[in-house]
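What follows is a single structure, written as structure tokens, with notes after it.
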Amino acid sequence: MRPFLAVVCYFFFWQVSLAQITMETVRAEEGGMELYATNTGNVPYTVLIDYTELTNLNSIGSSGIVVARPGKSKVLTLKRVTESQSTNLRYTYSFIKGDYSRRSKEETVYLIPLPEGTVATGIRMTHIENRLQPKEENTDYVGVSFRFGLPTEVVAPRKGVVSEISMDKYSDKNNLDFDRGENFIELFHDDGSLTKIMVLSPGSEKVKLGQVVFPGDVIAESAGESYNSGLHVRLANMKPVKDGTTKLKYEMLPMKFVSKEGVSDVAEIQELVVVHPDEVVTAEMSKKEKKTYEAGN
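Taken in order, the sequence shown gives residues -19 to -1, 1 to 278; the numbers are from mature numbering (1 follows the signal peptide of the UniProt record, and there is no 0).
Here's what the structure looks like:
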């Protein structure tokens, strides 16, 4: 392995909700109530309902956390408890992108989001709080960075729906450790999680919102020339979870990547050769998608 100078990578995450989620209450049969959600986005959102008044009503199949699919859908049924008594309902709600309820059937393996044959250095990222010299190091998992030598294409690391694109940030700064205005493309996956692919060249996106992409599909061009660490791409995978009784947050999920050297969670700095094995590329495809892929190869 060639000599390598370790450079710390910082990660900062902020929540952006592009969809407008609205809730509607409808009187149901036998005195109950039904809640409908309208989601103007192209992927599901997790919605947390906080009841400020719930009189003579019980929810069926939910504890107040529901999923709003794209479009309009019924998300909750409230049944009247005592027929002779009146009912009343007041609530507030919050929401974030992603589906808390979905689970992956098998362990997911990611492609390193670069063309096959690229030599990249994988680095486990550290939380930006550590840059502020805290008394204790924040060891929370926040994603992985891959460094490489020459400008290149960036590809999708796994199958997903393009759920957000932010590619209009131009930086005139140099010697950066971190830039809050990083360009990114976000993918929504069948397991309900989201992967954000960051540090992309402005205006270089090759995909559009709502598009389904597959592992290895080109999504943008690389960037990072203005960073101390040079050209690199960062990835973070996250999923909605309940934080206490009245809040939602994202839980950062560890990722495993395939390379010529094997499958690794990049716990240590590693030099890796990018490969795109068919079994990883097709792992999340439907039977129809897999058949189309195999016919073209």
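Beta carbons are placed, not taken as given, at the ideal position from N, Cα and C, and that holds for glycine.
Gly103 is a Cβ neighbour of Leu253, given a cutoff of 7 angstroms. Of Val100, Ile146 and Asn37, the smallest CA-CA separation from Leu131 is found for Val100. In the DSSP secondary-structure assignment, Lys230 is bridged to Val222.
Taking 7 angstroms as the cut-off, the beta carbon of Thr68 is found closer than this to the beta carbon of Thr36. Cβ neighbours of Gln192 within its own chain (closer than 6 angstroms, five residues either side excluded): Val143. In this structure, the beta-carbon distance from Lys223 to Ile46 falls below 7 angstroms. The C-beta separation of Pro94 from Leu216 comes to about 7 angstroms, placing the pair in contact by the 8 angstroms criterion. A distance below 7 angstroms between beta-carbons, with the five flanking residues on each side excluded, links Val255 to the following residues of its chain, in chain order: Ile93, Leu95, Pro96, Glu97, Gly98, Thr99, Ala101 and Ser240. Per DSSP, the continuous alpha helix (DSSP H) segment holding Tyr274 begins and ends at Lys268 to Ala276. Contact annotation, Thr27 with Tyr81: C-beta distance approximately 5 angstroms; criterion of less than 8 angstroms satisfied. Beta-bridge annotation (DSSP): Val136 is paired with Val199. Take Phe195, set aside five residues on each side of it, and the residues of its chain with a beta-carbon closer than 6 angstroms to its own are Lys140, in chain order. Straight through space, the alpha carbons of Val24 and Val188 are spaced by roughly 16 angstroms. Of the residues assessed, Glu145 falls on the buried side of the cut-off, its CB having 16 or more other CB atoms within 10 angstroms. Of the residues assessed, Arg128 falls on the buried side of the cut-off, its CB having 16 or more other CB atoms within 10 angstroms.
Counting only the Cα atoms, Arg105 lies some 10 angstroms from Gln251. The beta-carbon distance between Asp171 and Glu265, rounded to whole angstroms, is 6 angstroms. This is short enough to meet the 8 angstroms contact definition. Less than 7 angstroms separates the beta-carbon of Val125 from that of Val247. Judged by DSSP secondary structure, Glu260 falls within the alpha helix (DSSP H) whose first and last residues are Asp259 to Val262. Remark: C-beta atoms of Asn164 and Pro138 do not approach each other more closely than 7 angstroms. The three-state reading of DSSP puts Gly22 in coil, since its state is none of H, G, I, E or B.
DSSP places Glu163 in the coil class of the three-state scheme, outside both helix and strand. In this structure, Glu202 sits near Ser185, with a CB-CB distance shorter than 7 angstroms.
For secondary structure counted as the alpha helix (DSSP H) over 4 or more consecutive residues, the stretch 60 to 91 holds no complete run.
Leu16 and Ile200 have their C-alpha atoms roughly 38 angstroms apart. If the five residues before and after Asn278 are omitted, its C-beta is found closer than 8 angstroms to the C-beta atoms of Asp259, all from its own chain and listed in chain order. Val56 sits away from Asn39, with the two beta carbons spaced by 7 angstroms or more. In the DSSP annotation of this structure, Gly12 is not part of any beta strand (DSSP E), being labelled neither H nor E. When His213, Ala204 and Pro221 are compared, the shortest CA-CA separation from Thr176 is found for Pro221.
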